[in-house]
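In terms of this note's numbering, the sequence shown opens at residue 1 and continues consecutively. Beta carbons: idealized from backbone N, C-alpha and C, even for Gly. As the structure is a prediction and not an experimental result, all values here were calculated from the model. Notes follow the structure.
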Amino acid sequence: MISKPMGKIDIRTVDVVKYVTPLREGGSLPAIVKADDDFLYVLKFRGAGQGKKALIAEFIGGELARAIGLKVPELVFMNLDDSFSKTEPDEEIQDLLKFSIGLNLGLHYLSGSITFDPLVSVADALTSSKIVLFDSIVSNIDRTAKNTNLLNWNNELWVIDNGASFYFHHNWNTWKNHLDKTFPLIKDHVLLERATLLDEASKAIIKALDKDTIEDIIYKIPEDWLLSESEPLTPNEMREAYIEYLNSRLSKIDSLVKEAEDAR
Numbered sequence: 001m002i003s004k005p006m007g008k009i010d011i012r013t014v015d016v017v018k019y020v021t022p023l024r025e026g027g028s029l030p031a032i033v034k035a036d037d038d039f040l041y042v043l044k045f046r047g048a049g050q051g052k053k054a055l056i057a058e059f060i061g062g063e064l065a066r067a068i069g070l071k072v073p074e075l076v077f078m079n080l081d082d083s084f085s086k087t088e089p090d091e092e093i094q095d096l097l098k099f100s101i102g103l104n105l106g107l108h109y110l111s112g113s114i115t116f117d118p119l120v121s122v123a124d125a126l127t128s129s130k131i132v133l134f135d136s137i138v139s140n141i142d143r144t145a146k147n148t149n150l151l152n153w154n155n156e157l158w159v160i161d162n163g164a165s166f167y168f169h170h171n172w173n174t175w176k177n178h179l180d181k182t183f184p185l186i187k188d189h190v191l192l193e194r195a196t197l198l199d200e201a202s203k204a205i206i207k208a209l210d211k212d213t214i215e216d217i218i219y220k221i222p223e224d225w226l227l228s229e230s231e232p233l234t235p236n237e238m239r240e241a242y243i244e245y246l247n248s249r250l251s252k253i254d255s256l257v258k259e260a261e262d263a264r
């Protein structure tokens, strides 16, 4: 594992003590669980469809969004033991729990939150612009009117579900082909029409995402999530690839701004 000095980001690790209920509207069947700190979390499982790569994308995306000033539920690493699969009657959930023993990812559960509705929900121009550019940077294909992955909670807009980002990491043999690309799919972004302050947002993002911040986030990815016998890269090489990719995106942020403006 790459050795780096302790950064500003501090991710807590908690243990799951109670499986509360599955969230069946989510394609990967996340669940509301209770942890040993007595808080409720939405648990994203390592044994779900996209596996550990979805957790990595969720983690990097969530902490990058937080770093640029967006509202993101607290992310925690969650230990899941084998006791839950043994008592779960639903076979589908039982298998998911069995394949997810170990370290998973949790998002603090925002009780009473409402799914963002583009027809009636409020989102200011600067926040919208930051989210649009953020999704261009992380290549998030899943923030559309069909599936907004945004919540309104306490009269604020919260960013959730970044697991579809960094899709290049599903084929490490070709990841460098993505370094020179922009993100044309931004044309489908749910907040694009409201993103009228893209220049201002880009300046804030560049200021927030300095070298140390990016590296701090990437080095916090659990080593276990990066280990795979089927991958051509080592965990250290993957970390360096994420860093190079993000730096490449930030270096062309003016092009991402223009692309979004043209699409709008």
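Assumed close pair residue i, residue j - CB separation to whole angstroms, cut-off 8 Å
i	j	result
leucine 43	alanine 31	5 Å
leucine 97	methionine 78	No, leucine 97 and methionine 78 are not in contact; Cβ-Cβ is about 12 Å, not under 8 Å.
leucine 192	alanine 263	6 Å
serine 100	glycine 49	Incorrect: roughly 12 Å between the Cβ atoms, too far for contact.
threonine 148	proline 118	7 Å
leucine 246	phenylalanine 183	Their Cβ separation, rounded to whole angstroms, is 13 Å, which puts leucine 246 and phenylalanine 183 out of contact at 8 Å.
leucine 209	leucine 179	Their Cβ separation, rounded to whole angstroms, is 17 Å, which puts leucine 209 and leucine 179 out of contact at 8 Å.
For residue i, three-class secondary structure by DSSP
i	result
valine 138	helix
proline 272	With the chain covering 1 to 264 only, the question about residue 272 has no answer from this structure.
aspartate 15	strand
threonine 144	strand
tryptophan 56	The displayed chain sequence assigns isoleucine, not tryptophan, to residue 56. The answer is helix: DSSP assigns isoleucine 56 an H, G or I state.
methionine 1	Any reading at methionine 1 must be qualified, since the residue scores a pLDDT of 43, below 50, and its modelled position is unreliable; no value is offered.
lysine 8	coil
aspartate 95	helix
arginine 264	coil
Proximity below 8 Å, CB of residue i to CB of residue j
i	j	result
serine 129	leucine 185	no
valine 132	alanine 195	yes
glycine 51	serine 165	no
asparagine 152	serine 113	yes
isoleucine 9	glutamate 74	no
threonine 144	aspartate 188	yes
phenylalanine 168	tryptophan 175	yes
isoleucine 56	isoleucine 253	no
tryptophan 172	leucine 233	yes
alanine 260	serine 136	yes
valine 190	asparagine 162	no
For residue i: DSSP bridge partner residues
i	result
tryptophan 153	Glu156
valine 42	Ile32 and Leu107
threonine 115	Leu151
phenylalanine 77	Thr13 and Leu105
lysine 71	Trp158
histidine 189	Thr144
Other residues of its chain near residue i: CB distance less than 7 Å, five sequence neighbours each side excluded
i	result
asparagine 155	none
proline 22	Leu29, Ala31 and Ile93
Cβ shell of residue i (< 6 Å), same chain only, five flanking positions each side left out
i	result
aspartate 15	Asp36 and Asn79
threonine 13	Phe77
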